[in-house]
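Residue numbers for the sequence shown follow this note's numbering, beginning at 76 and rising by one. Glycine included, every Cβ here is placed at the ideal spot set by N, Cα and C.
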Amino acid sequence: MHVLSLNGPQAFFVTQIPIRANGIPMLALIDTGAGITVASQHILTLLGIFRTDPCIVPSAVGMAGIPIKFVGSASVLLQIGKQTLSQVVHFTESDCVPREADAYNIILGNDVLQRLPSWAVNYSERTFFVEGEPIPILTCKAVESPIPISSPPISVHASSTMVLPPASEVMVPCYINNLDPRWSVLLASGNIISDDGIMVSPAVLRRDHPHPYLSNPTEAPRVIFKDQTLTSAEPVLELPNGTIAEPHQRF
């Protein structure tokens, strides 16, 4: 589901709009050629869905007549502008959701569109209207200049000395030095402090008050020292359309 754009006086674009699915900001494609609403199974955990129901239909026919297999369905709360509705979404077996932030995550089919109040698309203004409410159609733009990424990864340090009791799990106050002011959110890597066996869980951290989650699975207390490096982190970039992205692919 990559989004393409062509250079020219009238650039090509697709009708992808910002929505919320189970409270998570996403991009959705308005697809009047789709009978049902679909998304990739890879966003199930993001939506807080850990068990799916049987599919109403086993598969669908995609572009070029290629069948797309479904692995399950689930009810998802969709917020489209001011309209909120619960809709059954079918989840595909293949990874049809791109890693790029400027590409849609879910396809809104006619099962959703027919439930909305009167809606229309103004192509010249690139706006999707639902009962008169304007919702911008978001288009892709090439990044003019890459955002510099620090190398090596950013270190996360303990703010003070503290003792982790045996068989305990604790959120540890930390700090980060010399962080670019544009980066407000960081993605911390999981880590094992080999000398002590302390495990640091992967986490999303706020720059001002980072609190990674540490586990002491041993039978003895362990000491975390002030200024000790606990893990490393990378910035999570917030794009103008409200979506977020890692600065580069991890896999």
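Comparing alpha-carbon positions, the option among Thr293, Leu254, Ser307 and Ser234 lying closest to Phe300 turns out to be Ser234. One thing to note: Phe166 has its Cβ no nearer than 8 Å to the Cβ of Gly184.
Residue environment analysis places Leu213 among the buried positions, since at least 16 neighbouring C-beta atoms fall within 10 angstroms of its C-beta.
Rounded to whole angstroms, the Cβ separation of Arg297 and Asp255 is 32 Å, and the two are not in contact under 8 Å.
Each of Gln116, Lys157, Pro240 and Ala263 was checked against the Cα of Lys144, and the nearest Cα belongs to Gln116. In its chain, beyond the 5 residues on either side, Ile251, Leu254, Trp258, Ser259, Val260 and Leu261 have a beta carbon closer than 8 Å to the beta carbon of Arg282. If you look at Leu261, you'll find it in the beta strand (DSSP E) that goes Val260 to Ala263. Residue state for Asp302 is assigned as coil, using DSSP reduced to three classes.
From the listed residues Gly156, Pro240, Arg190 and Ala96, the smallest Cα separation to Thr202 is found for Gly156. As the crow flies, the alpha-carbon of Gln189 is around 12 Å from that of Val205.
Excluding sequence positions up to five before and after Ile124, its CB lies within less than 8 Å of the CB of Asn97, Ala149 and Val151, all in the same chain and listed in chain order. For Asn185, the uninterrupted alpha helix (DSSP H) run begins and ends at Asn185 to Leu188, by DSSP.
Met101 places its beta carbon 8 Å or farther from that of Ile111. Under DSSP, Tyr288 shares a beta bridge with Met246.
Of the residues assessed, Thr120 falls on the exposed side of the cut-off, its CB having fewer than 16 other CB atoms within 10 angstroms.
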